[in-house]
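Enquirer: Below is one structure. I have some questions about it.
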Amino acid sequence: MQEQEFKKSNTKIVFLSFLMLLGLLVIVGRFAYIQLIGREGYVEKVIEKFPKASVVKLSTPRGFIKDRKGNDLAISIPTLSVYAFPKMVKNKEELVRRLSALPEVKERELLEKLNSDRKFVWLVRHLDKVHLPYIKGVIRDTDNTKAVGVQEEYKRFYPHADLMANLLGFVGSEGKGLEGVEYVFDEKLKGKEVKGVFYLGKLAIAPISEDMDREDLRLTVDLGVQTILEDIRDKIVKQWNPDKVGILLMEAGSGEILGLANYPSYDPNHYHNYPVSYRRNFVVTDLFEPGSVMKPFFIGYALNKGYIKPGLWIDTEGGRTEVFGRYVKDVKPSKALTLEQVLIKSSNVGTIKVARYLSKGDVVELMKNLHMTHKFDFLPGEIKPRLPNFDYPANILYASIGQGMASNLLSLCVSFNALATNRIVKPKILLDEQTQVLKEGIFSPPVFQWLQSNLRKVVEEGTAKRAKSEYFSIAGKTGTSQKFDFKVGRYSREELVTYFVGYFPAENPRFLAGILVDRPRGPDPYGGTVAAPYFKELVERVSFYYRLEPDKASQQVSVMNR
175 MQEQEFKKSN TKIVFLSFLM LLGLLVIVGR FAYIQLIGRE GYVEKVIEKF
225 PKASVVKLST PRGFIKDRKG NDLAISIPTL SVYAFPKMVK NKEELVRRLS
275 ALPEVKEREL LEKLNSDRKF VWLVRHLDKV HLPYIKGVIR DTDNTKAVGV
325 QEEYKRFYPH ADLMANLLGF VGSEGKGLEG VEYVFDEKLK GKEVKGVFYL
375 GKLAIAPISE DMDREDLRLT VDLGVQTILE DIRDKIVKQW NPDKVGILLM
425 EAGSGEILGL ANYPSYDPNH YHNYPVSYRR NFVVTDLFEP GSVMKPFFIG
475 YALNKGYIKP GLWIDTEGGR TEVFGRYVKD VKPSKALTLE QVLIKSSNVG
525 TIKVARYLSK GDVVELMKNL HMTHKFDFLP GEIKPRLPNF DYPANILYAS
575 IGQGMASNLL SLCVSFNALA TNRIVKPKIL LDEQTQVLKE GIFSPPVFQW
625 LQSNLRKVVE EGTAKRAKSE YFSIAGKTGT SQKFDFKVGR YSREELVTYF
675 VGYFPAENPR FLAGILVDRP RGPDPYGGTV AAPYFKELVE RVSFYYRLEP
725 DKASQQVSVM NR
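This note's numbering puts the first residue of the sequence shown at 175, with every later residue one more than the last.
Take a look at the structure:
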């Protein structure tokens, strides 16, 4: 009997002990959940029950953007923000009047915020810290020490102002990337979400999340190169007063973008003061007919297919030929030209005669090999080239002289790598990204050598003689395209887009570059007169910046002796 009662007693003790242990585990588990997982939500629920307290998101340091050498392009700087509990604010009119004396602070907006039904508002954000004594004095003088306070936050700052602005983009007032690199890599760059508890005009509890580490971004661009490109851009704008200018420089072997300049541009520190159109990265967002820049691709492909051979004489019909009911002319008429002269002198008639050999399949294959059928998806707003329907033979002929198709400057420069290295390399903007070769061996070795030789002659003796350098060998192609005038239904003779796209040094290509000038105003506004001279300046300044040895033998000694 006693033994049975003892067993029952032990069972009760074990059961009670189990319940106590279970209760303890529940308490510990709840505590651990609050501390490790649910702390933020738990604190918010508790705090929001108090009318004089609020949980608020705070801006934290955003990752820096740096160039390839570690120079800062975009940084986060500490600033001051003023907040308030509207229902507790005293002497509103006096507070508003004195705070509106601060830079870019509007009286009307302050009144709207203070008269709202919200428990907590930001009155002013991201002020310079120099204003702290004045703000504290205003809060004290208006008897608002328990209703209005000041909190440190972080603001995006671009130390070089408008330099590289169309590439970098900008960050909005809420700390989110809205354009350019800032937008594309926002998830990587954005600061950690941090929340603080404000009570009676003060930060009562330290940020709930204290992970303030930032992740920086290293770009392929070179601040020194960018400065050169933008200086050249400004010279073009001053001389030619164009609508737009785009300049791109990239490494031929790796596809790394070294510099990218646009006109118009803006200062991302004050982006709201500029028209939205100024923020566009025209190098990737805008399509233009490429004009004569397309000629070496079509001529080269006809050679590659074996339809024609070097040295072929072509009847250029006195510089005028009919193409399906329309006439195409040469700027400088001639009766006949060799194949080499067609490219060097940039003959429209001669190129069209060559393009007649190409089938639809040939041209479609060429466009695919040049990656003109796709975009690269590495910058916002990038648009892929627009190609015509090659089922119609007329479209093949017009495309050979760069009409009826359109490309952005980026795609044009990437395609030109087929003429520089016989490869298509994917462009990249992140320094730690792997090089990706998209296509190799576009042309056979003999054809590739023929193209390189004659593209160099374009500069030495052809339409791009103004791009000729005394120190460095340059190969490339001028281009001038007419804008289509929809009012009259034909191409305009006044509104032009001019190009020079090329590579250097021609003997051992290291760099690809392109200059696009939309609607230059002045005498002889063609690729050879507008873009070519500035390409020469670009080549020489970039080459000397990177301390390249001049590859023109006659000048090597003179430069060394300087």
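Where a beta carbon is used, it is the ideal one built from N, C-alpha and C, also for glycine.
1. Could you give the residue range of the beta strand (DSSP E) that holds residue 570?
2. Could you check where the alpha helix (DSSP H) with residue 410 kicks off and where it finishes?
3. Rounded to whole angstroms, how far is the Cβ of residue 575 from the Cβ of residue 525, which I believe are closer than 8 Å?
4. From the DSSP output, read off the bridge partner residues of residue 500.
5. According to DSSP, simplified to helix, strand and coil, what is residue 545?
6. Which partner residues does residue 427 have in the DSSP bridge list?
7. Taking Cβ to Cβ, would you say residue 673 is nearer than 8 Å to residue 689?
8. Three-state secondary structure (DSSP) at residue 459?
9. Residue 720: which of 455, 726, 405 and 678 sits nearest, CA to CA?
10. Check for me: the alpha helix (DSSP H) holding residue 589 runs from which residue to which?
11. Compute the beta-carbon to beta-carbon distance between residue 465 and residue 654, rounded to the nearest angstrom, for a pair I have assumed lies under 8 Å.
12. How should residue 610 be labelled, buried or exposed, when 16 other C-beta atoms within 10 angstroms of its C-beta is the threshold for buried?
13. Taking residue 326 as part of the beta strand (DSSP E), name the residues at either end of that continuous run.
14. Please classify residue 453: does DSSP put it in a helix, a strand, or coil?
15. Pull up the DSSP beta-bridge partners for residue 259, would you.
16. In whole angstroms, give me the CA-to-CA distance for residue 430 and residue 394.
17. From the DSSP output, which residues share a beta bridge with residue 605?
18. With H, G and I counted as helix, E and B as strand and the rest as coil, what does DSSP make of residue 664?
19. Is residue 710 buried or exposed, if buried means 16 or more other CB atoms sit within 10 Å of its CB?
20. Could you check what DSSP says for residue 505 in three-state terms: helix, strand or coil?
21. Look at the alpha carbon of residue 282 and the alpha carbon of residue 298, and state the distance between them as a whole number of angstroms.
22. Starting from the C-beta of residue 201, find all residues in its chain whose C-beta is less than 7 Å away, skip the five residues before and the five after it, and write them out in chain order.
23. With residue 573 and residue 537 assumed to form a contact (beta carbons below 8 Å), what rounded beta-carbon distance in angstroms separates them?
24. In three-state terms, what does DSSP make of residue 612?
25. Grab me the residues of residue 397's own chain with a C-beta within less than 6 Å of its C-beta, minus the 5 sequence neighbours each way, in chain order.
26. Starting from residue 640, trace the beta strand (DSSP E) both ways and give me its first and last residue.
27. Between residue 581 and the rest of its own chain, which residues show a CB-CB distance below 6 Å, the 5 nearest in sequence each way excluded?
28. Between residue 510 and residue 486, what straight-line distance do the alpha-carbon atoms span, to the nearest angstrom?
29. On a CA-only basis, which of 319, 522 and 691 is nearest residue 461? Give me that one, please.
30. Taking only the alpha-carbon atoms, compute the straight-line gap between residue 563 and residue 605 and give it to the nearest angstrom.
31. Is it the case that the Cβ atoms of residue 423 and residue 391 are separated by a distance below 8 Å?
32. Which two residues bound the contiguous alpha helix (DSSP H) that contains residue 301?
33. Using the C-alpha atoms, what's the distance from residue 658 back to residue 635?
34. Near residue 455, what residues of its chain come up, given a Cβ to Cβ distance below 7 Å and the 5 sequence neighbours on each side ignored?
35. Please report the Cβ distance between residue 615 and residue 632, rounded to the nearest whole angstrom; I am assuming they are in contact, meaning their Cβ atoms lie under 8 Å.
36. Measure the C-alpha to C-alpha separation of residue 379 and residue 261 and round it to an integer number of angstroms.
Expert: Checking against the coordinates, here is how it stands:
1. As a position in the sequence shown, residue 570 is number 396, starting the count at 1. Not the beta strand (DSSP E): residue 570 falls in the alpha helix (DSSP H), residues 567-574.
2. Start at 1 with the first residue of the sequence shown, and residue 410 comes out as number 236. Segment 397-414, the alpha helix (DSSP H) holding residue 410.
3. As a working mapping, residue 575 is identified with position 401 in the sequence shown. As a working mapping, residue 525 is identified with position 351 in the sequence shown. About 6 Å; that satisfies the 8 Å criterion.
4. Looking up residue 500 in the sequence shown gives position 326. Looking at the DSSP assignment, residue 500 forms a beta bridge with 497.
5. For the purposes of this step, residue 545 is identified with residue 371 of the sequence shown, where counting begins at 1. Residue 545 falls in the coil class under three-state DSSP.
6. Working through the sequence shown from its first residue, we reach residue 427 at position 253. DSSP, once it has assigned bridges, lists no residue as partnering residue 427.
7. Here residue 673 refers to the residue found at position 499 when the sequence shown is read from its first residue. Here residue 689 refers to the residue found at position 515 when the sequence shown is read from its first residue. Contact: yes.
8. Counted from its first residue, the sequence shown places residue 459 at position 285. Residue 459: helix per DSSP, three-state reduction.
9. Position 546 of the sequence shown holds residue 720. Out of 455, 726, 405 and 678, 678 has the C-alpha closest to the C-alpha of residue 720.
10. Taking the first residue of the sequence shown as position 1, residue 589 is located at position 415. Residues 583-594.
11. Sequence index remark: in the sequence shown, residue 465 carries index 291 (1-based). Sequence index remark: in the sequence shown, residue 654 carries index 480 (1-based). Indeed, because the Cβ distance is near 5 Å, the residues count as touching under 8 Å.
12. Stepping through the sequence shown from its first residue, residue 610 is reached at position 436. Exposed: under 16 other Cβ atoms inside 10 Å.
13. Here residue 326 refers to the residue found at position 152 when the sequence shown is read from its first residue. First-last of the beta strand (DSSP E) with residue 326: 322-331.
14. Start at 1 with the first residue of the sequence shown, and residue 453 comes out as number 279. Residue 453: helix per DSSP, three-state reduction.
15. Locating residue 259 in the sequence shown gives position 85, where the first residue counts as 1. Note: residue 259 sits in no beta bridge, so no partner.
16. In the sequence shown, residue 430 corresponds to position 256, counting from 1. In the sequence shown, residue 394 corresponds to position 220, counting from 1. Answer to the nearest angstrom: the Cα atoms are 6 Å apart.
17. Taking the sequence shown and counting its residues from 1, one reaches residue 605 at position 431. DSSP, once it has assigned bridges, lists no residue as partnering residue 605.
18. Locating residue 664 in the sequence shown gives position 490, counting from the first residue. Looking at residue 664 - three-state DSSP - the assignment turns out to be strand.
19. Here the question's residue 710 lines up with position 536 in the sequence shown. It counts as buried.
20. In the sequence shown, residue 505 corresponds to position 331, counting from 1. Residue 505 falls in the coil class under three-state DSSP.
21. Mapped onto the sequence shown, residue 282 falls at position 108. Mapped onto the sequence shown, residue 298 falls at position 124. Roughly 12 Å between the two C-alpha positions.
22. The residue labelled residue 201 in the question sits at position 27 within the sequence shown. Caution is warranted here: a pLDDT of 48 is assigned to residue 201, below 50, making its placement in the model unreliable, and no coordinate value can be reported.
23. For the purposes of this step, residue 573 is identified with residue 399 of the sequence shown, where counting begins at 1. For the purposes of this step, residue 537 is identified with residue 363 of the sequence shown, where counting begins at 1. So it is a contact: roughly 7 Å between Cβ atoms.
24. Locating residue 612 in the sequence shown gives position 438, where the first residue counts as 1. Three-state result, residue 612: strand.
25. By one-based count along the sequence shown, residue 397 stands at place 223. Once the five neighbours on either side are set aside, the close Cβ partners of residue 397 are 241 and 245.
26. On the sequence shown, position 466 is the one that residue 640 refers to. Residue 640 -> no beta strand (DSSP E), and no H or E assigned at all.
27. Taking the first residue of the sequence shown as position 1, residue 581 is located at position 407. Excluding sequence neighbours, residue 581 sits near 464 and 559.
28. Here residue 510 refers to the residue found at position 336 when the sequence shown is read from its first residue. Here residue 486 refers to the residue found at position 312 when the sequence shown is read from its first residue. Their Cα atoms are separated by approximately 10 Å.
29. Locating residue 461 in the sequence shown gives position 287, where the first residue counts as 1. Of the listed residues, the one whose Cα sits closest to residue 461 is 691.
30. What you label residue 563 is simply residue 389 of the sequence shown in a count that begins at 1. What you label residue 605 is simply residue 431 of the sequence shown in a count that begins at 1. Answer to the nearest angstrom: the Cα atoms are 38 Å apart.
31. Taking the first residue of the sequence shown as position 1, residue 423 is located at position 249. Taking the first residue of the sequence shown as position 1, residue 391 is located at position 217. No. Outside cutoff.
32. Residue numbering aside, residue 301 sits at position 127 when the sequence shown is read from its first letter. Careful: residue 301 lies outside any alpha helix (DSSP H), inside the beta strand (DSSP E) at 295-301.
33. If you number the sequence shown from 1, residue 635 lands on position 461. If you number the sequence shown from 1, residue 658 lands on position 484. Between residue 635 and residue 658, the C-alpha separation is close to 31 Å.
34. As a working mapping, residue 455 is identified with position 281 in the sequence shown. Around residue 455: 340, 341, 354, 436, 553 and 555.
35. Numbered from its first residue, the sequence shown carries residue 615 at position 441. Numbered from its first residue, the sequence shown carries residue 632 at position 458. In fact, because the Cβ distance is near 23 Å, the residues do not count as touching under 8 Å.
36. Along the sequence shown, one-based indexing puts residue 379 at 205. Along the sequence shown, one-based indexing puts residue 261 at 87. Model confidence at residue 379 stands at a pLDDT of 45, short of 50, so the residue's coordinates are unreliable; what they give is reported in the following sentence. Approximately 21 Å between the Cα atoms of the pair.
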